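Novice: Could you have a look at this structure, given as structure tokens, before my questions?
Written out as structure tokens, the structure is:
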């Protein structure tokens, strides 16, 4: 038995070294389709780098937007600027409540917002966070806090990405990275907003709902507590989605009641002025035509509810 | 608790450590601990159905004693019937009740009757078909006087509930497995290492092959009309590898885990996709089930010693029951029936035992004839898997019609082609490794041919890496848990 335990220990140690070395080699040498469990900047959307760059200079803003891709594709700081508000959009792909919490830890003090718009897309409560892990790890976002998140996610993909991210971080390889953007479909427009061209969607795909995860509920409640403790006004918002998606949602009312228990909640998933075939580029993201219509309506709603002041100057 | 979960990755070392640390406390304590560990393992899924395992264990433990205690043949038979009635009764209620009710209603609906009975809204208990068959075989063997009944309740309960093979086999015979609970287990370094090696290969087949294939299989079988014939064909081939990777992967993990605890389980898969005809395939696929049906159904019916026509009947009966064992659905029955139909010509021509050796024994490359035989057999198996995988017979017909369409010659097209390419590559790696190991008892057994330890370890490192880099991010439960 002793020999067995000794050999297992040596094997585990050597296997770990070998594994790390191969992950690094695969990440550097293999094309994306041959490394399905290792995403990096060459696969992901580099627009987040522009967001991070703008974030360096952002402080004392009026409104901060947090949430998933619905956030950075819906709340357009240029439109808010027209109304006199200085805003920043800190949304990211499939950002879960766990990742929102990391961003609050890292940037809340610096940004010091007067109001936070926290977008709460229902499916995020069932999201395992692997996609958001890829973004955070690949772009060195809150990297120091990510180790715990990765271990809790129990995802081998996230583990691989953490190994690769640490390697690139230690050897400063990201410092020489050149941003690679395809602007044919979308373009970064400043302060975290990515404008999607006004093409419309053609194919409806079956929507897969996942079970709610307790870890996401816990993280969401922590975020709420964090904002309450910081005395920062905030509002929970459901961003617009198509009628097709609304119809597929099992119990919209129960979800809305639940959200209202936590805070001021505005359900904007159905806005009369928005039409599926004109204002969305897929069945749950607005295109720019939709964004132009939606933001003034949203600002007006916030003003009417006294959640937004006429001016913060 | 799934074998490919983090829960099991923690559960296994903890149970292993406690199990061997109490080795000196006596056999009863060690068996009692195995029972507790096994019940915890099962309760992780749903504790409410633990009662069924206990019921099945108690009934067969007591009945076997009664059978042994009496010399009157009719009385012995009565007790045997009680055991079979209870075990099959559990199966009938939990697994087949709704199927029978549905078919009775369908028949009566021809005469204008509406809904006659209410359905049972119960979940199918995991592994029910496996442990009921295992306990039944015990009682039948006692009845046949092949074995004596167990006097030790701990060893018997541990035999029924042993967690590595509790929920999806191999379905062990009491004559082989029960005695192992009655002797002191000694830790064997070679056996334990062999177990870990087999677990590793099982994880590769499950997490890399089966779970990745499942993504495409689910997509194609959900909407066969949306894809070309060539794409559907790939879907069917993927399902063949999904079910093989899933179930043989599970068996490898189960057998490997048992080795860590000092037990030897029977081989359940012997490289079935390298078979040269259907008869050989069935000697190599789910061996513990097919041999169970051979010993407890086929032979009692007279086997092949009752004349050609009765033997044919027996073959059909066994294959149909085997199909029905997999689930309460006509698709499984038709699947069994068609397998019997493919087996039939071999039996009539007395060629059903032509291929009992290993293909291309002692050679690296098979002959052209062997290759053609293997390809034809695999093609037939794939065709039948379509029926097995479909929800209804109509769905299966739609899928098969979809394949044999003019679009069969078109370039396959489906989304996420990138990952499909990696999946193909992994299937090829699996086939190569298994081909080189086909004279061993499991896929990675061929590694033992490497004399250098560092080379062997290098192989394990690479497989570990492949599991980490290519395992699916959408893990599926084990297919055979539902049977």
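Protein chains in written order, with our numbering: chain A, 127 to 439; chain B, 810 to 1292. The C-beta atom is built at its ideal place from N, Cα and C for all residues, glycine as well. What you are looking at is a predicted structure, and each value in this text was computed from that prediction instead of being measured.
1) Which residues does DSSP pair with residue 191/A in a beta bridge?
2) Please name the residue, chosen from 133/A, 149/A and 132/A, that lies closest to residue 1274/B on a Cα-to-Cα basis.
3) Residues of chain B with a CB under 7 Å from the CB of residue 127/A: which are they?
4) Are the beta-carbon atoms belonging to residue 1097/B and residue 978/B less than 9 Å from one another?
5) At a CB-CB cut-off below 9 Å, which residues of chain B make contact with residue 141/A?
6) Could you pull the DSSP bridge partners for residue 411/A from this structure?
7) Can you tell which of 294/A, 208/A, 174/A and 152/A has its C-alpha closest to the C-alpha of residue 418/A?
8) Would a check of beta-carbon distances place residue 1282/B closer than 9 Å to chain A?
9) Could you tell me which chain B residues have their CB closer than 8 Å to the CB of residue 256/A, listed as they occur along the chain?
10) Would you list the one or two residues that DSSP bridges to residue 392/A?
11) Short of 7 Å in beta carbon distance, which residues of its chain neighbour residue 282/A, apart from the five on each side in sequence? Order them along the chain.
12) Quick check for students: name the residue ranges of the alpha helix (DSSP H) that lie wholly in the region 980-1027 of chain B, counting only runs of 4 or more.
13) Taking Cβ-Cβ distances shorter than 7 Å, what residues in chain D pair up with residue 1231/B?
14) What is the DSSP secondary structure of residue 322/A, reduced to helix, strand or coil?
15) How would you list, in chain order, the residues of chain A whose beta-carbon sits under 9 Å from the beta-carbon of residue 1228/B?
16) Report buried or exposed for residue 865/B, applying the criterion of at least 16 other Cβ atoms within 10 angstroms of its Cβ.
17) So what does DSSP say about residue 312/A, is it helix, strand or coil?
18) Starting from residue 834/B, trace the alpha helix (DSSP H) both ways and give me its first and last residue.
19) Determine contact between the region 1166-1184 of chain B and the region 1092-1108 of chain B, defined as no fewer than three beta-carbon pairs at a distance below 8 Å.
20) Counting only beta-carbon separations shorter than 9 Å, does residue 1001/B have a partner in chain A?
21) Return helix, strand or coil for residue 1216/B, following the three-state DSSP convention.
22) So is residue 290/A in contact with chain B if we call contact Cβ pairs under 9 Å?
23) If the cut is a Cβ gap below 8 Å, which residues of chain A does residue 1279/B touch?
24) Of the residues that make up the region 384-412 of chain A, which ones have a beta carbon closer than 7 Å to any beta carbon in chain B?
25) Give the range of the alpha helix (DSSP H) segment to which residue 787/B is assigned.
26) Cutting at 8 Å between CB atoms, please list the residues of its own chain near residue 1189/B, excluding the five before and the five after it.
27) Put residue 1059/B into one of helix, strand or coil per three-state DSSP.
28) Exposed or buried, residue 1131/B, counting other C-beta atoms within 10 Å across all chains shown (16 or more means buried)?
29) Can you tell me the Cα-Cα spacing of residue 1208/B and residue 1240/B, whole angstroms?
30) Check whether the region 136-148 of chain A and the region 251-270 of chain A are in contact - that is, three or more C-beta pairs closer than 8 Å.
31) Which class does residue 209/A belong to by DSSP, given the choice of helix, strand or coil?
32) Looking only at its chain, what residues have a beta carbon closer than 6 Å to the beta carbon of residue 205/A, apart from the 5 residues adjacent to it on each side?
33) Taking only three categories from DSSP, how would you classify residue 356/A?
34) Tell whether a beta-carbon distance below 9 Å holds between residue 194/A and residue 250/A.
35) Would you please state the rounded distance, in angstroms, between the beta carbons of residue 391/A and residue 382/A? I believe it to be under 8 Å.
Specialist: According to the structure shown:
1) By 1-based counting over the first chain, the position of residue 191/A is 65. DSSP lists 215/A and 243/A as partners of residue 191/A.
2) What you label residue 1274/B is simply residue 465 of the second chain in a count that begins at 1. If we check each option's Cα against that of residue 1274/B, 149/A comes out closest.
3) Counting from one through the first chain, the residue named residue 127/A turns up at place 1. Per Cβ cutoff of 7 Å: 829 and 996.
4) Here residue 1097/B is taken as the residue at index 288 of the second chain, counted from 1. Here residue 978/B is taken as the residue at index 169 of the second chain, counted from 1. Yes, these two residues count as a Cβ contact at 9 Å.
5) If you number the first chain from 1, residue 141/A lands on position 15. By Cβ distance, chain B contributes 1266, 1269, 1270, 1273 and 1274.
6) Position 285 of the first chain, counted from the start, is the residue given in the question as residue 411/A. Partner(s): 408/A.
7) To locate residue 418/A, count along the first chain from 1; it is residue 292. Of 294/A, 208/A, 174/A and 152/A, the residue nearest in Cα terms is 208/A.
8) As a position in the second chain, residue 1282/B is number 473, starting the count at 1. For residue 1282/B, the answer is yes, since a Cβ of chain A falls inside 9 Å of its Cβ.
9) Sequence index remark: in the first chain, residue 256/A carries index 130 (1-based). Chain B residues near residue 256/A: 1282.
10) The sequence position of residue 392/A within the first chain is 266, counting from 1. In DSSP, residue 392/A forms a bridge with 363/A.
11) In the first chain, residue 282/A corresponds to position 156, counting from 1. Hits under 7 Å: 163.
12) 983-986 and 998-1012
13) The structure shown has no chain D; the protein chains it does contain are A and B.
14) Walking along the first chain from the start, residue 322/A turns up at place 196. It is a strand residue.
15) Here residue 1228/B refers to the residue found at position 419 when the second chain is read from its first residue. Within 9 Å Cβ-Cβ: 159 and 162.
16) Against the second chain, residue 865/B aligns to sequence position 56. By the 10 Å Cβ count, residue 865/B comes out buried.
17) Sequence index remark: in the first chain, residue 312/A carries index 186 (1-based). DSSP places residue 312/A in strand when its eight states are reduced to three.
18) As a first step, residue 834/B is located in the second chain; it is residue number 25 there, counting from the start. Segment: none, residue 834/B is in no alpha helix (DSSP H) and carries neither H nor E.
19) no
20) Your numbering for residue 1001/B matches position 192 in the second chain. Closer than 9 Å: yes.
21) Here residue 1216/B refers to the residue found at position 407 of the second chain. DSSP places residue 1216/B in helix when its eight states are reduced to three.
22) Indexing the first chain from 1 puts residue 290/A at position 164. For residue 290/A, the answer is no, since every Cβ of chain B falls outside 9 Å of its Cβ.
23) Walking along the second chain from the start, residue 1279/B turns up at place 470. Near residue 1279/B (Cβ distances below 8 Å), the residues of chain A are 162 and 163.
24) Per Cβ criterion, the list is empty.
25) Look at the range of chain B in this structure, 810 to 1292, and you will see that residue 787/B is not part of it.
26) To locate residue 1189/B, count along the second chain from 1; it is residue 380. Excluding residues within five positions, the ones whose Cβ falls inside 8 Å are 1087 and 1151.
27) On the second chain, residue 1059/B is found 250 positions in, with the first residue counted as 1. Looking at residue 1059/B - three-state DSSP - the assignment turns out to be helix.
28) The residue you call residue 1131/B lines up with position 322 of the second chain. Buried is the call here.
29) Here residue 1208/B refers to the residue found at position 399 of the second chain. Here residue 1240/B refers to the residue found at position 431 of the second chain. Between residue 1208/B and residue 1240/B, the C-alpha separation is close to 26 Å.
30) no
31) Taking the first chain and counting its residues from 1, the one referred to as residue 209/A is at position 83. Here residue 209/A carries a coil assignment [DSSP, helix/strand/coil].
32) Along the first chain, read from residue 1 onward, the residue named residue 205/A stands at position 79. 421.
33) Within the first chain, numbered from 1, the residue matching residue 356/A stands at position 230. The answer is coil: DSSP assigns residue 356/A none of H, G, I, E or B.
34) Residue numbering aside, residue 194/A sits at position 68 when the first chain is read from its first letter. Residue numbering aside, residue 250/A sits at position 124 when the first chain is read from its first letter. Going by C-beta atoms, residue 194/A is nearer than 9 Å to residue 250/A.
35) Your numbering for residue 391/A matches position 265 in the first chain. Your numbering for residue 382/A matches position 256 in the first chain. Correct: roughly 7 Å between the Cβ atoms.
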